[in-house]
Amino acid sequence: EDKVVQSPLSLVVHEGDTVTLNCSYEVTNFRSLLWYKQEKKAPTFLFMLTSSGIEKKSGRLSSILDKKELFSILNITATQTGDSAIYLCAVAPAGNNRKLIWGLGTSLAVNP
Amino acid sequence: DTAVSQTPKYLVTQMGNDKSIKCEQNLGHDTMYWYKQDSKKFLKIMFSYNNKELIINETVPNRFSPKSPDKAHLNLHINSLELGDSAVYFCASSFGGRGELFFGEGSRLTVL
Chain A
1 EDKVVQSPLS
11 LVVHEGDTVT
21 LNCSYEVTNF
31 RSLLWYKQEK
41 KAPTFLFMLT
51 SSGIEKKSGR
61 LSSILDKKEL
71 FSILNITATQ
81 TGDSAIYLCA
91 VAPAGNNRKL
101 IWGLGTSLAV
111 NP
Chain B
1001 DTAVSQTPKY
1011 LVTQMGNDKS
1021 IKCEQNLGHD
1031 TMYWYKQDSK
1041 KFLKIMFSYN
1051 NKELIINETV
1061 PNRFSPKSPD
1071 KAHLNLHINS
1081 LELGDSAVYF
1091 CASSFGGRGE
1101 LFFGEGSRLT
1111 VL
């Protein structure tokens, strides 16, 4: 059965710390891996990764995919309280199947 | 202009009632989804439509009936509401099976 596993489930850090969130997957016919951030309302899209070893970067956030070892990491440097959120990882299978396989998320709390 | 908009944002109702949630997207996407997010924050796909055709129909009680009058609109009707239906229901849209979903702000349903 296809699955996506995120770790840790929750994390508490202080402002300024660097965090690494993990996402491993077992999915047949992989197409892409996606990261989302969910604060109080809707999940918002962060990154989509399709190729191994190519880092995607947006400000203090970056992500990389390893298709051989079947995982991705999301790094956040110099964390701020506004980074507090649930970070969701999902995998999109190839083909006409539009059903994303979601992880349970990592709840990040950044304390001042 | 809100890209994916849902109404109502909040819904409080009694067990046994029937209610509807509406969703509209102005992104020109061809695929729309309903997700349910329970108190543990896990996102569970319920339905998906591609160009008005139902393409994902997960194991959901048949009290839930989606309708897509056109590719920009997707509604969810729920009959005979039960306590366990209390959750946040998210509408989302995407272009094809890319996986980059855009979510609405959610409709929080509370069944008393």
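Chains as they are written, first to last, in the working numbering: chain A, 1 to 112; chain B, 1001 to 1112. Backbone N, C-alpha and C define an ideal beta-carbon position, used for all residues, glycine too.
For residue i, which of helix, strand or coil comes out of DSSP?
i: A/THR44; result: strand
i: B/THR1110; result: strand
i: B/LEU1083; result: helix
i: A/ASP83; result: helix
i: A/SER24; result: strand
i: B/ASP1070; result: strand
i: B/MET1046; result: strand
i: B/GLN1025; result: strand
i: B/ASN1075; result: strand
i: A/VAL12; result: strand
i: B/GLU1053; result: strand
i: A/ARG60; result: coil
Spatial neighbours of residue i within its chain, please: CB distance less than 6 Å, with the 5 preceding and 5 following residues excluded, ordered by chain position.
i: B/LYS1067; result: ASN1075
i: A/ASP2; result: VAL27 and ILE101
i: A/ILE86; result: GLN38, GLY105 and SER107
Roughly how many whole angstroms lie between the Cα atoms of residue i and residue j?
i: B/THR1007; j: A/THR44; result: 19 Å
i: A/ILE64; j: A/SER52; result: 7 Å
i: B/ALA1003; j: B/PHE1102; result: 8 Å
i: A/LEU9; j: A/ALA90; result: 15 Å
i: B/GLU1105; j: A/ASN29; result: 31 Å
i: A/LYS40; j: A/LEU46; result: 16 Å
i: A/ILE73; j: A/TYR25; result: 12 Å
i: B/LEU1011; j: A/LYS67; result: 43 Å
i: B/ASN1017; j: B/THR1031; result: 29 Å
In its own chain, which residues sit with a C-beta less than 8 Å from the C-beta of residue i, not counting the 5 before and 5 after it?
i: A/VAL13; result: VAL19, THR79, LEU108, ALA109, VAL110 and ASN111
Give me, in chain order, the residues of the same chain whose beta-carbon lies closer than 7 Å to that of residue i; leave out the 5 immediate sequence neighbours on both sides.
i: A/GLY145; result: The question about residue 145 of chain A has no answer, for chain A in this structure spans 1 to 112.
i: B/LYS1036; result: LYS1044, MET1046, ALA1087 and TYR1089
i: B/ASP1085; result: ILE1078, LEU1109 and VAL1111
What residues of chain B sit near residue i, judged by a beta carbon separation below 7 Å?
i: A/ALA109; result: Within chain B, no residue comes near A/ALA109; the closest Cβ sits about 14 Å away, beyond 7 Å.
i: A/GLY105; result: LYS1041
Which residues in chain A sit within 7 Å of residue i, going by Cβ to Cβ distance?
i: B/PHE1103; result: ALA42 and PRO43
Residues of chain A with a CB under 9 Å from the CB of residue i: which are they?
i: B/PHE1064; result: The contacting residues do not exist; B/PHE1064 stays about 17 Å from chain A at best.
Identify each residue in the stretch 1013-1038 of chain B for which the Cβ-Cβ distance to at least one residue of chain A is less than 7 Å, and report them in chain order.
-> THR1031
Cβ-based contacts, 9 Å cut-off: residues of the stretch 1042-1060 of chain B near chain A = PHE1042, LEU1043, LYS1044, ILE1045, SER1048, ASN1050, ILE1055, ILE1056 and GLU1058
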